[in-house]
Amino acid sequence: MKKWRNYIPEGTRDILFDKCSLKKEIENSIRNTYINSGFHQVETPTIEFYDVFDFKDNGIPQENMYKFFDAKGRILVLRPDYTIPVARVVASKVDQLPMKFFYSGQVFTPSDSFSGKDSEITQAGVEIIGEGSIRSEIELILRAIEALKNCGLDNFKIELGESNFYRKIIESIEIDDSGKEKLTRLVRNKNIGLINEFLKEEGVALPKESKNLIRMLPELFGEVDILDKVSQYIPDALQNDIDNLRNIYNALKELGYEKYISIDLGMVSNLNYYTGITIKGYVDNFGEEILSGGRYDKVFCEFGEKTPAAGLAFKINNILEVLFNKSNIERKNKVLIHYDLDQLKIALEKEKELISKGYEVELSLYEDIEKSRSYGGAKGFSKIMIINKEDIIEEDLGAVK
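Dropping the structure here:
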């Protein structure tokens, strides 16, 4: 029996026609933004050894990977992340740093059958490796803004957090690891009520000022004045983290990009992975992230190096959904060319001319003009060009779809 022949696995999808074309345009637009700005493209295998991702503290859980064996019995995985393979490449093949990298490809993460989440996604990303100053984060963010604008987006926000800010708070709390994990989950979900209950029930040994700061965390998001507000309550040990955020924001403000930036001090990403600034991007009225990243200086230690690094990744599938569903998306005018076979040369000349003017053009497969008209109308062509020995005629087929 071959009952699954006409189906695809959960978490995967076929992307067709206009949507597929738009996806490639998005990828190319992001790629061009970075390649034209001094980033070097790299490509790593879709299949990697399991060991590449099996870190002691900040690796990818094995249940989040597709695993199988090679002919020698070694464990292989479908690439679950692109940053770590890039780190492998840099540690083993690149001598001169700092360097800026760009990549684009598929990543694979198993999802529950009914979660609605994709198991295979397209990721385009960038890494700045070998430089630990905030110049790296500033360029990551400003190029991300440029890339999103080049894709046709403008109604987006890039949220900035600071993993050290929360890490220092949580490390000062005298509770066990499971308690810290629970509190971290509550802060991540911005659940103020349960945070208050937790602090009461656990009898957390903290000064009143620190407890108040933890209670504030879910509300510490919004415009840059959040940084001024929190500065009144934090110890000196946390002030440098706030200053980093403020300096990054001020640099982006000088470029006129402040409308795209917001602050979220309650952003709690993977504390074992990120070591500084954290970054997430969202679009209005779309609940999923369109990009994420931050500083991850610990990763290279797993490859025997001590190298500062920061990066971010665009979630191409989510950007595609946003742009494809925009009601005001601009579609190219589409022209169908119907031609007599002995007029093929002229048809190709007209095709080239129309393409140069920005039209999307297709040669009809039909000899019968009525079949060409029906096909053009059904497929959303705005015009049909009829080429025969006597004349070249253009007819409207209706509004652009």
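Quick note: the sequence shown uses the working numbering, first residue 71, plus one each step.
From the three backbone atoms N, C-alpha and C, an ideal C-beta is built for every residue, glycine too.
query, result
"List, from N- to C-terminal side, the beta strand (DSSP E) runs of 3 residues or more that fit wholly inside the region 142-212.", "145-148, 169-178, 190-199"
"Which value, in whole angstroms, describes the spacing of the CA atoms of Ile85 and Asn388?", "13 Å"
"How far does the alpha helix (DSSP H) with Phe235 in it reach, from first residue to last?", "233-241"
"Measure the beta-carbon distance from Glu118 to Ser174 and round it to whole angstroms, keeping in mind my assumption that it falls under 8 Å.", "Actually they are not in contact, since the Cβ atoms of Glu118 and Ser174 sit about 17 Å apart, beyond 8 Å."
"Within the chosen definition, does the region 356-368 reach the region 241-257 through at least 3 CB pairs nearer than 8 Å?", "no"
"Taking C-beta to C-beta, are Ala214 and Gly346 nearer than 9 Å?", "no"
"In whole angstroms, what separates the C-alpha of Ser206 from that of Ile463?", "57 Å"
"Residues in its own chain within less than 6 Å of Pro168 by CB, not counting five upstream and five downstream?", "Gly200, Glu201"
"Which same chain residues, not among the five before or five after Val38, have their C-beta less than 7 Å away from its C-beta?", "No information on residue 38 is available, as it lies outside the stretch 71 to 471 that the chain covers here."
"To test your reading of the DSSP string, which unbroken beta strand (DSSP E) runs of 3 or more residues are found completely within the region 378-440?", "379-385, 404-409, 430-433"
"Give me, in chain order, the residues of the same chain whose beta-carbon lies closer than 8 Å to that of Asn102; leave out the 5 immediate sequence neighbours on both sides.", "Asn220"
"Hey, quick one: how far does the beta strand (DSSP E) through Ile454 stretch, first residue to last?", "453-457"
"Quickly, what does DSSP pair Gln111 with across the bridge? List them, please.", "Phe172"
"Let me confirm a value: Tyr303 is counted as buried when at least 16 other C-beta atoms fall within 10 Å, else exposed. Which label applies?", "exposed"
"Could you tell me the distance, in whole angstroms, from the CA atom of Lys404 to the CA atom of Ser452?", "6 Å"
"Would you please state the rounded distance, in angstroms, between the beta carbons of Ala383 and Phe370? I believe it to be under 8 Å.", "Contact flag wrong, Cβ pair sits at about 18 Å."
"Report the residue from Lys93, Ile284, Tyr343 whose alpha carbon sits nearest the alpha carbon of Asp254.", "Looking at the sequence provided, one finds Thr at residue 254 rather than Asp. Comparing Cα positions, the closest option is Ile284."
"Distance check for Ser107 and Ile457, CA to CA, integer angstroms please.", "45 Å"
"What is the residue span of the beta strand (DSSP E) that Leu361 lies within?", "356-365"
"Under the DSSP definition of a beta bridge, which residues are partnered with Phe226?", "Val353"
"What does the Cβ neighbour count give for Leu256, buried or exposed, with the cut at 16 atoms within 10 Å?", "buried"
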